[in-house]
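Quick note on numbering: the sequence shown equals residues 85 to 771 in the numbering used here.
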Amino acid sequence: MLKLPNLNIGKISLLVAIMTWLALLFVDITRLFGNLNQMESGIAPEISYILEILFFIVVYLFFNYSIQKSEKNNFIDLIWRGATTGLVATSISIIISIFYYLLGDSRLASDPLLRNVFYHIDFAFVTLFLVSCTLLWKHLILYQRTKRVVQQWQAFEVGLLISMFFVFFNRNTLDYSFLFGLAVLVIFGASLAVNLKWIPYLTFKEKWKSILFLVFIQFSAAYLFIQVLSYSEENSIYLNLTDNLFLLSLFSFVFIYAIFSFLVTLFNLPTSSVFEQKLIEAINFQRLSQSIKPGQNENQVLDILMDSCMSAAYVDAAWLELKEHDEKSSIIHQRYLSNEEQVVLQKLIGSSKPFSDFKWDDKLQDNKTYTGKINDLKYKSVMMIPLTVNKNTIGRIFLLKEVKDGFNKEMINIISTFVGQACISVENHRLLNEALKNERYKEELLIAQRVQRSLLPSELHHDSTFEIHGFSEAADEVGGDYYETQSLGEAEFAVIIGDVSGKGTSAAFNMSQMKGVFHSLVQLNPSPKEFLVKANMALSHCLEKNHFITTSYFIINTKKKSIRYARAGHCPTLFYDAEKNDSEYLDIDGMGLGILRNSSFEKYIHEKEVFYKKDDILVLFTDGIVEAKNEHSEEFGYERLKNVLTENHEQTAAEIQQKLIDQVYDFIGSNTLPDDDYSLLVIKFNS
85 MLKLPNLNIG KISLLVAIMT WLALLFVDIT RLFGNLNQME SGIAPEISYI LEILFFIVVY
145 LFFNYSIQKS EKNNFIDLIW RGATTGLVAT SISIIISIFY YLLGDSRLAS DPLLRNVFYH
205 IDFAFVTLFL VSCTLLWKHL ILYQRTKRVV QQWQAFEVGL LISMFFVFFN RNTLDYSFLF
265 GLAVLVIFGA SLAVNLKWIP YLTFKEKWKS ILFLVFIQFS AAYLFIQVLS YSEENSIYLN
325 LTDNLFLLSL FSFVFIYAIF SFLVTLFNLP TSSVFEQKLI EAINFQRLSQ SIKPGQNENQ
385 VLDILMDSCM SAAYVDAAWL ELKEHDEKSS IIHQRYLSNE EQVVLQKLIG SSKPFSDFKW
445 DDKLQDNKTY TGKINDLKYK SVMMIPLTVN KNTIGRIFLL KEVKDGFNKE MINIISTFVG
505 QACISVENHR LLNEALKNER YKEELLIAQR VQRSLLPSEL HHDSTFEIHG FSEAADEVGG
565 DYYETQSLGE AEFAVIIGDV SGKGTSAAFN MSQMKGVFHS LVQLNPSPKE FLVKANMALS
625 HCLEKNHFIT TSYFIINTKK KSIRYARAGH CPTLFYDAEK NDSEYLDIDG MGLGILRNSS
685 FEKYIHEKEV FYKKDDILVL FTDGIVEAKN EHSEEFGYER LKNVLTENHE QTAAEIQQKL
745 IDQVYDFIGS NTLPDDDYSL LVIKFNS
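Listed below in C-alpha cells is the structure:
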C-alpha cells in the first residue's frame, strides 16, 4: 500500500498564498493595462474578488497553523509576534512612501502600473499584519475558555467569513449596508475584547514589555489604516482592494483589543508586585507540603520555611532553633547575622515582653505568635513563632526587621500558615518514618513467627499403644510456649512441655534455646530429674537474670506402662484414671529453670513414677489455659479443666484437645483477646 509523505501544511499554505497574491497582481495589472489603453481585457472584476477572498483564507490558515505549531506560545511571545509583523508592514509602507517622495513630480511617480504594484505589496503586508494579530488575539481570548466564549468567537469568525463576500454586493461603495455590517462586526469584536484573563498572570517586567509591544501594534494599525484611507482616494487604481469590509473589521478588532489590553495592563501595574508575592507564597506553600520524603532530613523543610517566611515579610535577619533537652536549644539555620549578634539579640529578646512569656512546655502553642519591639540600635521589631508538632514545641523561629511595627496582620497570617504547614510536614515525616519502622518490625515479627512455628514439632513421636495430639497458639505474634517429643528407643518416649517467662521475641528466643538444650540432653537418655538439673546448668549461662523457664519432663515406657516425670515450676499435669472415672493433678514440687543457678538447684527437683492402664489420659498444659479470663476477670481455672476432661474422656485425643480449647474460648468470649499463650498436649493410652 502506497504511503503518502507527511504534508507540511504551513509551507503549502504559504506557497499557495504567494501564488494567489501573484495571480491577483497579474489580473489587476492586466485589467488596468487594458483600461489605460482602452482595450477589453476579457477579465471580469469577480476574478479579482475571488482571488482576494482566496488570499484572505489561505493567509488565515497559514497563521492559524503556525501559531498552533509554535513552541513559544507564552503571552509575551505572542504579543511580540504581532508587534514585529506590524512593524514590518509599517516599515514596508513607509519605504514605499519615501520612494514616491524621492521621485517627486517625475513621470515614474505618476505611472499607474508601478503604483498598482506597490499598492498590492502594501495590501499583502496589511493583510498579513491584521490576520496574524487577529489569530494572536484569538489565542489570548481563549486562554481560559468557556463554552460561551468559544461559541462567541466561532460566531465572530463566521461573520468575518461572510464579510469577505460582501464585496460582490457592495462594489466598494460605503453605503448603509456596508456601514451596518461594519458596525455589527465592530460590536462583536468589542464584546470579545473584554476577555483579558491572561493579563494578571504577567509579572511586573512582562507587563512593561507587553505595554511597549501593544504600543507598537497600535501605532502600526493606526498608520496602516491611514494608508488604506489614502489609497481609497487614489483615482489611478482601478480596483481598491483595501476598501473592504473584511479588512476594516479586522482593523477595528485589532485596534480595540490592543487598546483594551494596553489600558488593563497599565492599570494592573500597581498590583503586579502583590500578585507576584502571592504567587511566590503559593509556590512556597506547595514546596513546604512536598519537601520531605522518607529518609530525608527534617532540616530541608525548615530551610524552606526560613526562606518562605523571610520572603513573605521582607525580613532583614532571622534564625531558627530546635529544642534539644532541658529547655536547651541549638541554632540550625541563621540568616544575615553573625554568631555574636545572634547571642546578644537572643538575650535581649528573651528579656523583653511578650517574648519572655514563652515556655517550652506550654501545650497551647498552636497558631500562637509573639510580635513586639526590642531596644536595639539596628533591629526595631521582632516576630517569634513556636514550631509545634503533636502538641509539643520542637523549636521556634525568630524574624527581625529594621523598622518599627514591621509585621502587619497579613504578614502574620501568612507566616503562621507557613509555620503550620511546615509543622504538619515534619509531623507527617515522623509518622511516615514511624510507620516504616513498624512495617519493618512487622516483617521481623513474621519472620520470628515462622521461626517459632518451626520450633514446634510437625510430628509427635508415639507408637500404637497411645495417641498424642498437641495445640499451641501465641497471644502475640510470637510466644514462649514449647512442647516436643522424642523416641528414646524401643517402647520409650520423652515428652516435654515448657513456658518461657515474658512474651514476644525475647520469649521466642529463649524458647529456641530450650529446644536446643532438649535435643542435646535427650540423646544422653537421662532420668527426668537429671534432665532438669543438666538443663538448668546449661540455661544458666545463656538466660538473662530476670528470665526463667518452667517445664515438665516425662519418660513414657509403653512396656512397663509407666510414666516417670519431674517438674520445674510448671503447671501440674492432669491425669484421668479410667478405673476411678475421675481426673486428678499429679502433684510434685520443683523450681523453675534459671531461678537458682548453682548446684543447690538439684535439692528442689523431685522425680515420681505412675503407672497407667487402658483409656487413661494425660493432659499437659501451660498456665495460659487455666488463667484465661472472661469479661468479668474470672479465670477458667483448674477445676473447669478437670471437669471438661472427665466429661469427654471417651473421645479420641484429638477430639479431647479440640473440646478443651473450644471450652476455653467459649469461656473468655469472642470479644476478648487471649492475654497469654495457650498450649496443651493430650495423651490417651489405648492398651
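Positions of the beta carbon are idealized from the N, C-alpha and C atoms, including for glycine.
Buried or exposed by the 16-neighbour rule on C-beta atoms within 10 Å, applied to residue i
i, result
"E543", "exposed"
"Q607", "exposed"
"A402", "buried"
"M390", "buried"
"H654", "buried"
"M675", "buried"
"I740", "buried"
"Q311", "buried"
"H513", "buried"
"L623", "buried"
"N328", "buried"
"A558", "buried"
"E494", "exposed"
"Q505", "buried"
"T569", "buried"
Residue i versus the options, residue with shortest Cα-Cα distance
i, options, result
"N594", "K618, H631 and L616", "H631"
"I246", "I767, I137, S275 and S181", "I137"
"V728", "H716, Q747 and L296", "Q747"
"G131", "A578, L186, S413 and L109", "The sequence as given places Ile at residue 131; Gly does not occur at that position. Among A578, L186, S413 and L109, the Cα nearest to that of I131 belongs to L109."
"V338", "P354, D707, V617 and L298", "L298"
"T455", "G273, S500 and G678", "S500"
"V703", "A737, K687 and F288", "A737"
"I689", "Y696, L677, E718 and D699", "L677"
"F207", "V428, G573, S314 and T730", "S314"
"N732", "L353, D661 and L98", "D661"
"K447", "N474, L421 and M467", "N474"
"W164", "D673, I301 and G600", "I301"
N-terminal and C-terminal residue of the alpha helix (DSSP H) that residue i is part of
i, result
"K431", "N423 to G434"
"C129", "Sequence check: residue 129 is Pro here, not Cys. P129 to K153 is the span of the alpha helix (DSSP H), which, as asked, contains P129."
"D750", "A737 to I752"
"Q236", "K231 to M248"
"Y649", "Not the alpha helix (DSSP H): Y649 falls in the beta strand (DSSP E), residues S646 to A652."
"Q228", "Per DSSP, Q228 belongs to no alpha helix (DSSP H) and is neither H nor E."
Straight-line gap, residue i to residue j (C-alpha atoms, nearest Å)
i, j, result
"E614", "D759", "33 Å"
"T218", "P284", "21 Å"
"R648", "L680", "24 Å"
"G188", "F250", "37 Å"
"L135", "L106", "10 Å"
"F439", "I481", "12 Å"
"F139", "V210", "12 Å"
"Y637", "I581", "7 Å"
"M598", "T706", "15 Å"
"E408", "R534", "41 Å"
"K778", "L765", "The structure shown does not extend to residue 778, since the chain is modelled only from 85 to 771, so the question has no answer here."
"I321", "L286", "Residue confidence for I321 is low, a pLDDT of 49 falling below 50, so the modelled location carries little weight; the figure read from the coordinates is stated next. Spanning the two alpha carbons is a distance of roughly 46 Å."
"T642", "I552", "13 Å"
"G265", "F330", "10 Å"
"I458", "N517", "40 Å"
"N319", "L325", "Reliability of the predicted coordinates at N319 is poor, the pLDDT of 44 falling under 50, and no value is obtained from them."
Same chain, Cβ closer than 6 Å to residue i, five either side skipped, listed in chain order
i, result
"N423", "none"
"F213", "T169, G170 and A173"
"T349", "I283, K291, S294 and I295"
"I415", "W403 and E405"
Boundaries of the beta strand (DSSP E) in which residue i is found, first to last residue
i, result
"N675", "According to the sequence shown, residue 675 is Met rather than Asn. First-last for M675: undefined, no H or E at that position."
"I481", "N476 to K485"
"Y660", "T657 to D661"
"H733", "Unbroken run through H733: none, as it is neither H nor E."
"N641", "I633 to N641"
"S175", "From DSSP, S175 is part of no beta strand (DSSP E) but of the alpha helix (DSSP H) over F159 to L187."
"D489", "Segment: none, D489 is in no beta strand (DSSP E) and carries neither H nor E."
"S465", "S465 to V473"
"G554", "F550 to E557"
"Y567", "D565 to G573"
Minimum Cβ-Cβ distance from residue i to chain C less than 7 Å
i, result
"S275", "Within the model displayed, chain C is absent; a lone protein chain is all it includes."
Cβ neighbours of residue i in the same chain (closer than 8 Å, five flanking residues each side left out)
i, result
"V201", "L109 and I113"
"K713", "E719, F720, I752, T756 and D759"
7 Å CB neighbourhood of residue i in its chain, flanking five on each side removed
i, result
"K418", "Strictly speaking, residue 418 in this sequence is Gln, with Lys absent from that position. For Q418, where only same-chain residues beyond five positions count, the Cβ hits under 7 Å are W403 and Q426."
"K95", "none"
"T634", "G582, D583, A652, G653, H654 and G676"
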